[in-house]
Amino acid sequence: MTSPFPLFHVPYVPLARIIDFMEPKTLVSLSFLKSNYVLIARKLVENINYEGMESVKIGGEHVRIKMEHLNGYIISYWDNAVNRLKVITDYVTNLFNIDVSEIWASKQSLHIIEWVNRRQKTPLKNVLYSSATATSEEEMIYILKDCRPISRLSIHLKPPQNFRFAEKFPKIDCLEISNSKWVTIDDLLSMDGIDIHLENASLTNIPPAQCLPSTDITVLYAYSTDIDADTYGYGASSVIGYANKYATMANVRFDTKQEEDIEYHTDSESLSDSLNSHLPDPSLGYGNKTTGSNLYTVLKKFLNNRKVSLCGAHVFIAVKRYPDESDVSDIITQLRANHVIVYIAVDSIPSGGSNSATLYEMSYQTNGYSLFATGSDLRYAFEWMTAILQTPYQIIAQNFVVSESGRIEVSAFTTPIPTGYASPCFFATTIQNHTLDNSFVSMNYTIESTDGSFVYTFPGGYSLPLYGTEQADFSTLNGSLSYKWTIDYHYDTDAPQIIQLRMYSHYYHDFLPLPVF
1 MTSPFPLFHV PYVPLARIID FMEPKTLVSL SFLKSNYVLI ARKLVENINY
51 EGMESVKIGG EHVRIKMEHL NGYIISYWDN AVNRLKVITD YVTNLFNIDV
101 SEIWASKQSL HIIEWVNRRQ KTPLKNVLYS SATATSEEEM IYILKDCRPI
151 SRLSIHLKPP QNFRFAEKFP KIDCLEISNS KWVTIDDLLS MDGIDIHLEN
201 ASLTNIPPAQ CLPSTDITVL YAYSTDIDAD TYGYGASSVI GYANKYATMA
251 NVRFDTKQEE DIEYHTDSES LSDSLNSHLP DPSLGYGNKT TGSNLYTVLK
301 KFLNNRKVSL CGAHVFIAVK RYPDESDVSD IITQLRANHV IVYIAVDSIP
351 SGGSNSATLY EMSYQTNGYS LFATGSDLRY AFEWMTAILQ TPYQIIAQNF
401 VVSESGRIEV SAFTTPIPTG YASPCFFATT IQNHTLDNSF VSMNYTIEST
451 DGSFVYTFPG GYSLPLYGTE QADFSTLNGS LSYKWTIDYH YDTDAPQIIQ
501 LRMYSHYYHD FLPLPVF
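Numbering of the sequence shown is given in full-length UniProt numbering, commencing with residue 1 and proceeding in unit increments.
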């Protein structure tokens, strides 16, 4: 029978010379034909008409093939694009006894980079990654951190909104980023390369846009692994329930022997899954009463995260183990610079640590507040604290240093509620800057419209009780009215005490002035 490939009947010596002059792609074709293989998988198409096609075995799979007469290619059809790439890569690298040097990857073939890096010791030389669809934060971080080609990394992607790269940039000869608006001057200074090409960059010395209150913010829920299940659960229920009001939700469990990462979410489902998989568990903690909390380490990580905006962020913290630090002015300064408001529920019976004063100071200096309670009082107080998320705009933040007995009268105020409309407002009062002690005797107050048509009284009526050092509640106020807030207090000591007043609305209000620091 006459062979369809006369070349294979040429004597060995001249055949070897002919092969020496062939291009690699021709050699691959020739090797496939000689081995009853097919050249290369050129297409992955659904609904193929296989009638009249031949079937060959490649990499353990039976693959349909046909000849494309226009250019002479042999085309193979695969059910699995991933397997196709792996089989062909294995075949070609074995044929030439070489490793893969360069990858042109897309969203669908990202995992091929991981596979190549695992299969060979020689590092990739060049990686070009391109995709027309939106890229996730995880993909961006993987490409920048873990691809690690030694010569060139070229990225043509649309990064997610507010993307920041907090890791160390890899050392590389050439780095190309086509959509580089996310790259900061600090990023540029930290890049270790010979050639750096940034397209559409917005590197500038112009200050960033003004930070304004909004719901397009980040909310962080941080809790000690020592905290009781009920307090944690009440807080988790609130942040999950209000998650869809905010751009980003974040959570982290601290005081664990193995420090845990902060996780960021854009939907309530992933937040819920993360919280349910990171429940408080004292067995994961330090196991003693002497070690202080690592809360401030976690907060520093959040403040330097470079993944999400800090502007106007709300931070809710459930503390069981006290920190030991006595000076956290650097953290407070950074929080204030970004208008981050910190709210802390502190268990009056700590599992360790020595200093609760810095917790109060941090919340005080950011226009948040701290409460001290334990048992059922702690869980109810924390539930109401996290309910602030219903009404994100702060309209009153005042602090009063008092002693013994007296009265506080807040100047008449209006709310941002439009005239003619009524809307719920949240308000909170705290009565001491430490664990509740016997020096506190009583506190009562009224919020009353100046025309006398409305009055809220504590204690009394339907007002909620005092839980530990916090009393919080909601009431419907009217945008057409002005109000006055009057507090009567009694302490059995002349030592200074701090009373804090906070009020919040659904309607926009500018950031309030911060305390002198």
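The beta-carbon is built from N, C-alpha and C at its ideal position, and this holds for glycine as well.
When Asn-399, Ser-439, Ser-453 are compared against Ala-428, the one with the closest alpha-carbon:
Taking the sequence shown and counting its residues from 1, one reaches residue 428 at position 428. Measuring from the Cα of Ala-428, the nearest candidate turns out to be Asn-399.
Are the beta-carbon atoms of Ala-222 and Val-315 separated by less than 8 Å?
Stepping through the sequence shown from its first residue, residue 222 is reached at position 222. Stepping through the sequence shown from its first residue, residue 315 is reached at position 315. Yes.
Taking the C-alpha atoms as reference points, what is the distance between Lys-300 and Ile-240?
In the sequence shown, residue 300 corresponds to position 300, counting from 1. In the sequence shown, residue 240 corresponds to position 240, counting from 1. About 24 Å.
From Leu-279, Thr-218, Tyr-467, residue whose alpha carbon lies closest to that of Gly-233
The count along the sequence shown starts at 1 and reaches residue 233 at position 233. Checked all of Leu-279, Thr-218, Tyr-467; the closest Cα to Gly-233 is Leu-279.
Does the Cβ of Met-362 lie closer than 7 Å to at least one heavy atom of the ligand HEM?
With respect to the ligand HEM, the structure shown offers nothing to examine, as it has no ligands at all.
Looking at the secondary structure, which residues open and close the alpha helix (DSSP H) in which Ala-229 lies?
Taking the sequence shown and counting its residues from 1, one reaches residue 229 at position 229. Looking at the DSSP string, the run of the alpha helix (DSSP H) that includes Ala-229 is 229-241.
Could you tell me which of Phe-163, Ser-136, Tyr-508, Met-503 sits nearest to Trp-182, measuring between CA atoms?
Indexing the sequence shown from 1 puts residue 182 at position 182. The shortest C-alpha separation from Trp-182 is found at Phe-163.
Going by Cα to Cα distance, which pick from Gly-352, His-265, His-339 is closest to Thr-291?
Numbered from its first residue, the sequence shown carries residue 291 at position 291. Among Gly-352, His-265, His-339, the Cα nearest to that of Thr-291 belongs to Gly-352.
Can you check which of these residues, Asn-444, Glu-263, Tyr-286, is closest to Asn-276 by C-alpha distance?
Sequence index remark: in the sequence shown, residue 276 carries index 276 (1-based). Residue Glu-263 is the option with its Cα nearest to Asn-276.
What number of angstroms, rounded off, separates the C-alpha of Glu-259 from the C-alpha of Ser-283?
Indexing the sequence shown from 1 puts residue 259 at position 259. Indexing the sequence shown from 1 puts residue 283 at position 283. Approximately 14 Å, taken between the alpha carbons.
Cβ atoms of Val-340 and Leu-310: under 8 Å apart, would you say?
Against the sequence shown, residue 310 aligns to sequence position 310. Against the sequence shown, residue 340 aligns to sequence position 340. In this structure, Val-340 lies closer than 8 Å to Leu-310 by Cβ.
Which residue's Cα is closest to the Cα of Ala-318: Phe-454, Thr-89, Glu-138, Trp-384?
Residue mapping note: residue 318 aligns to position 318 of the sequence shown, counting from 1. Ranking the options by Cα distance to Ala-318, first place goes to Trp-384.
For the alpha helix (DSSP H) containing Phe-302, name the first residue and the last one.
Here residue 302 refers to the residue found at position 302 of the sequence shown. Here the alpha helix (DSSP H) through Phe-302 covers 295-303.
With burial defined as no fewer than 16 other Cβ atoms inside 10 Å of the residue's Cβ, what is the status of Gly-235: buried or exposed?
Position 235 of the sequence shown, counted from the first residue, corresponds to residue 235. Looking at its Cβ environment, which holds 16 or more other Cβ atoms inside 10 Å, Gly-235 is buried.
So Tyr-504 and Phe-426 are in contact, right, with Cβ under 8 Å, and what is the actual spacing, rounded?
Here residue 504 refers to the residue found at position 504 when the sequence shown is read from its first residue. Here residue 426 refers to the residue found at position 426 when the sequence shown is read from its first residue. Between Phe-426 and Tyr-504 the Cβ distance is about 4 Å, and since that is below 8 Å, they are a contact.
Give the DSSP bridge partners of Tyr-462, in chain order.
Here residue 462 refers to the residue found at position 462 of the sequence shown. DSSP output for Tyr-462 lists no bridge partner at all.
Output the residue ranges of the alpha helix (DSSP H) runs that lie fully inside the segment 301-387 and measure 4 residues or longer, sorted by chain position.
329-337, 357-365, 375-386
Let me know the secondary structure DSSP gives Val-87 once reduced to three states.
Counting from one through the sequence shown, the residue named residue 87 turns up at place 87. It is helical.
Residue closest to Thr-225, alpha-carbon to alpha-carbon, out of Lys-257, Ile-196, Ala-243:
Looking up residue 225 in the sequence shown gives position 225. Looking at the Cα atoms, Lys-257 is the closest of the given residues.
Pair within 8 Å by beta-carbon distance, Ser-180 and Ala-201:
Mapped onto the sequence shown, residue 180 falls at position 180. Mapped onto the sequence shown, residue 201 falls at position 201. Cβ distance < 8 Å, so Ser-180 and Ala-201 count as in contact.
Let me know the secondary structure DSSP gives Thr-93 once reduced to three states.
The count along the sequence shown starts at 1 and reaches residue 93 at position 93. Here Thr-93 sits in helix by DSSP.
To the nearest whole angstrom, what separates the beta carbons of Pro-392 and Thr-476, a pair I think is in contact under 8 Å?
Position 392 of the sequence shown holds residue 392. Position 476 of the sequence shown holds residue 476. In fact, because the Cβ distance is near 17 Å, the residues do not count as touching under 8 Å.
Comparing alpha-carbon positions, which option in Val-252, Ser-238, Arg-253 lies nearest Tyr-246?
On the sequence shown, position 246 is the one that residue 246 refers to. Closest by alpha carbon: Ser-238.
Have a look at Leu-124, Ser-411, Val-92 and flag the residue whose alpha-carbon is nearest the alpha-carbon of Ile-103.
To locate residue 103, count along the sequence shown from 1; it is residue 103. The option with the nearest alpha carbon to Ile-103 is Leu-124.
Mind checking which residues open and close the alpha helix (DSSP H) that includes Gly-389?
Taking the first residue of the sequence shown as position 1, residue 389 is located at position 389. The identity of residue 389 in the sequence shown is Leu, whereas the question assumes Gly. Run containing Leu-389: none; DSSP gives neither H nor E here.
Check Arg-148 in the structure and name its three-state DSSP category.
Along the sequence shown, read from residue 1 onward, the residue named residue 148 stands at position 148. Reduced to three states, the DSSP call for Arg-148 is coil.
Can you name, in chain order, every residue of its own chain whose Cβ lies under 6 Å from the Cβ of Ser-178, other than the five neighbours on each side?
Indexing the sequence shown from 1 puts residue 178 at position 178. His-156, Glu-199, listed in sequence order.
Are the beta-carbon atoms belonging to Ala-357 and Gly-468 less than 8 Å from one another?
Position 357 of the sequence shown, counted from the start, is the residue given in the question as residue 357. Position 468 of the sequence shown, counted from the start, is the residue given in the question as residue 468. Not a contact, by the Cβ cut-off of 8 Å.
At what residue ranges does the UniProt domain "DUF7154" (398-506) contain a whole run of the beta strand (DSSP E), taking only runs of 3 or more?
405-414, 422-430, 440-449, 455-458, 470-478, 482-491, 497-505
Using only CA atoms, which one of Thr-486, Thr-435, Ile-395 lies nearest to Ser-411?
The residue labelled residue 411 in the question sits at position 411 within the sequence shown. Minimum Cα distance to Ser-411 is reached at Thr-486.
Report the rounded CA-to-CA distance for Asn-355 versus Asp-192, giving the unit in angstroms.
One-based indexing of the sequence shown puts residue 355 at position 355. One-based indexing of the sequence shown puts residue 192 at position 192. The alpha-carbon atoms of Asn-355 and Asp-192 are separated by roughly 42 Å.
Using the three-state DSSP reduction, which class does Lys-43 fall into: helix, strand or coil?
As a working mapping, residue 43 is identified with position 43 in the sequence shown. Only weak support is given to the placement of Lys-43: the predicted model assigns it a pLDDT of 37, under 50, and the question is left unresolved by the model.
Classify Ala-495 as buried or exposed, calling it buried when 16 or more other Cβ atoms lie within 10 Å of its own Cβ.
Position 495 of the sequence shown holds residue 495. By the neighbour-count rule (16 or more Cβ atoms within 10 Å), Ala-495 is not buried but exposed.
Kindly identify the DSSP beta-bridge partner or partners of Glu-176.
Mapped onto the sequence shown, residue 176 falls at position 176. Glu-176 is bridged to Ser-154, His-197.
DSSP state of Asn-36, grouped into three classes?
Translated into the one-based positions of the sequence shown, residue 36 becomes position 36. Caution applies to Asn-36, whose pLDDT of 43 falls short of 50 and renders its modelled position unreliable; the value that the coordinates give is listed next. Asn-36: coil per DSSP, three-state reduction.
Buried or exposed (CB count within 10 angstroms, at least 16 for buried), Ile-185
For the purposes of this step, residue 185 is taken as the residue at position 185 of the sequence shown. When all chains shown are included, Ile-185 counts as exposed.
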